Amino acid sequence: MRKEDPSWRFALGASPVTEGVIVFIETDDNLTGYGYASATAHMGASMEGLTGTLDRLIPHVKEYDALEMSAIRIKMDQALSGNNQAKAAIDNALFDLAAKSMNVPLNRLFGGAVRTEFPVLRILAIKSPEEMAEQAQILFNQGYRYFKIKVQGDVNLDIARVAAIRKRLGEEANLTVDANQAYSPKDAIAALNGMATYRLDLVEQPVAMDDYKGMKLVTDSVPVTVEADESAGSIQEVAHLVENRIVDAISLKVPKLGGLWNTLIAAQICKAGNIRYRFGAHVGSRLLNAHAMQLASSLPDLWYASEFGEFARLLDDPFEGIDVVGGFIQIPNAVGTGVKPIGT
-6 MRKEDPSWRF ALGASPVTEG VIVFIETDDN LTGYGYASAT AHMGASMEGL
44 TGTLDRLIPH VKEYDALEMS AIRIKMDQAL SGNNQAKAAI DNALFDLAAK
94 SMNVPLNRLF GGAVRTEFPV LRILAIKSPE EMAEQAQILF NQGYRYFKIK
144 VQGDVNLDIA RVAAIRKRLG EEANLTVDAN QAYSPKDAIA ALNGMATYRL
194 DLVEQPVAMD DYKGMKLVTD SVPVTVEADE SAGSIQEVAH LVENRIVDAI
244 SLKVPKLGGL WNTLIAAQIC KAGNIRYRFG AHVGSRLLNA HAMQLASSLP
294 DLWYASEFGE FARLLDDPFE GIDVVGGFIQ IPNAVGTGVK PIGT
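Heads up, the sequence shown is in the numbering used here, so the first residue is -6 and it goes up one at a time.
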């Protein structure tokens, strides 16, 4: 899927397109469940890898009834270690199918919705401070009040980006930054102490994903909430972060964690350890965002704004059924995920 801005980039590189694979699972009584496998290079997933992994896993799914999801998850893990993005697509499609078979919204499988609407946090790609402030203004005028500022590791320039956006938008805007591992611990501390002047709500993944000591040093040294993203790529990593109180918060993403079931487990780990959590950028089709929203709607401890609107910058989304209106998005009042392929 093409992005409306072909020059879109973040600290780990340029990103003019979003790639992924749509998985659909059909039953004998003509029900279809849909899932989305995200090809996220910095989380270890490529299109070639996804297609090969799905070809290997799908025959194991066919050995079971579609509602035997626990057995299917065990079988997939036995067949192939890791590969969470591909497994997430299958897991999500099975949940969609299960909800459709029961004729209920997917959130009912997690206890039902405690919220039906989410404020949406939108990403500002790396550009000059002035250009980023201009893009923030466009989104602000559309009703968005939560913004994630991509930064690149240049302390002074990154502080200038935050300053320009705060000056442009005023105090009504809620600002966060995402370094995508771009800083050393000392540079992160310097940058965040400088940015704190401009009322920064949180910083996502300031240092390298495997630098746990560096991440904790940053967490203990700045007044800004520090959140893990790339460092929280599995249930085990989430448990490690929570047990050792390395961060203040964790960005949960359904693809990187291996599906809705694992994401629910990760949320419960965060809750048990008194670490905040929210849902990070589900970059891809409306389908992927709909799955994440259905789970998020059932979680009473969800913190802050989630990133359920990045499909708005894609030009070729094959699914319809949800949209951001005035900076908010609502879960559909429909069975399953509530979204469907365009034209069906």
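No residue lacks a Cβ here, since even glycine has one placed at the ideal position from N, Cα and C.
Values in this document were obtained by computation on a predicted structure and should not be read as measured data.
- Measuring C-alpha to C-alpha distances from Thr20 to each of Tyr57, Leu162, Arg49, Lys264 identifies Tyr57 as the nearest.
- A check of alpha carbon separations from Ala232 across Tyr297, Ala59, Met62, Cys263 identifies Cys263 as the nearest.
- For Ala184, same chain residues with a beta-carbon under 7 Å away, outside a window of 5 residues either side, are Val148, Asp151, Ile152, Tyr176 in chain order.
- Approximately 6 Å separates the beta-carbon atoms of Leu193 and Val155; this is inside 8 Å, confirming the contact.
- Taking His275 as the centre and dropping the five residues before and after it, the same chain places the C-beta of Leu281, Asn282, Ala285 closer than 6 Å to its C-beta, in chain order.
- Boundaries for Lys120: no beta strand (DSSP E) harbours it, and the DSSP string shows neither H nor E there.
- When the five nearest sequence neighbours on each side are left out, the beta carbons in the same chain lying within less than 8 Å of the beta carbon of Val97 are those of Val328, in order along the chain.
- Listed in chain order, the non-local C-beta contacts of Gly163 below 8 Å within the same chain number zero, local neighbours out to five positions each way being set aside.
- Nearest to Gly302 by alpha-carbon distance, out of Gln145, Ala157, Tyr137, is Tyr137.
- Here DSSP, grouped into helix, strand and coil, assigns Lys333 to strand.
- In the structure shown, the three-state DSSP call for Tyr191 is helix.
- Taking the Cα of Asn77 as reference, the smallest distance to any Cα among Ala34, Gly266, Asp89 is reached at Ala34.
- Under the DSSP assignment, Phe272 falls in the beta strand (DSSP E) whose first and last residues are 269 to 272.
- Taking a cut-off of 8 Å on C-beta distances, the stretch 158 to 174 touches the stretch 123 to 137, as three or more cross pairs fall below it.
- Excluding the 5 residues flanking it on each side, Met62 has same chain C-beta neighbours closer than 8 Å at Asp84, Leu87, Phe88, Ala91, Trp254, in chain order.
- The C-alpha of Gly146 lies about 44 Å from the C-alpha of Pro52.
- With distances taken between CA atoms, Ser291 lies nearest to Leu102 out of Gly37, Leu102, Arg66.
- Nearest neighbour of Asn186 by Cα position, chosen from Ser214, Thr256, Asn267, Asp48, turns out to be Ser214.
- The alpha-carbon of Lys141 is positioned some 35 Å away from that of Lys93.
- With contacts defined by Cβ atoms closer than 8 Å, Glu220 and Glu197 form a contacting pair.
- In the three-state reduction of the DSSP assignment, Phe140 falls in the strand class.
- For Ile324, no beta strand (DSSP E) run applies, since DSSP gives it neither H nor E.
- Straight through space, the alpha carbons of Ile315 and Lys143 are spaced by roughly 25 Å.
- Contact check for Ala72 and Leu50: beta-carbon distance about 6 Å, within the 8 Å limit, so the pair qualifies.
- Going by beta carbons, Ala260 and Val211 fall outside the 8 Å limit.
- Between the C-alpha atoms of Arg279 and Gln174 there is a straight-line separation of about 27 Å.
- Beta-bridge pairing by DSSP links Thr218 to Leu195.
- Bounds of the beta strand (DSSP E) holding Gly26 are 25 to 31.
- Judged by DSSP in its simplified three-state form, Val231 adopts helix.
- In the structure shown, the three-state DSSP call for Val247 is helix.
- When only Cα atoms are considered, Val10 and Lys(-4) end up about 5 Å apart.
- Of the other Cβ atoms in all chains shown, 16 or more fall within 10 Å of the Cβ of Asn100; this residue is therefore buried.
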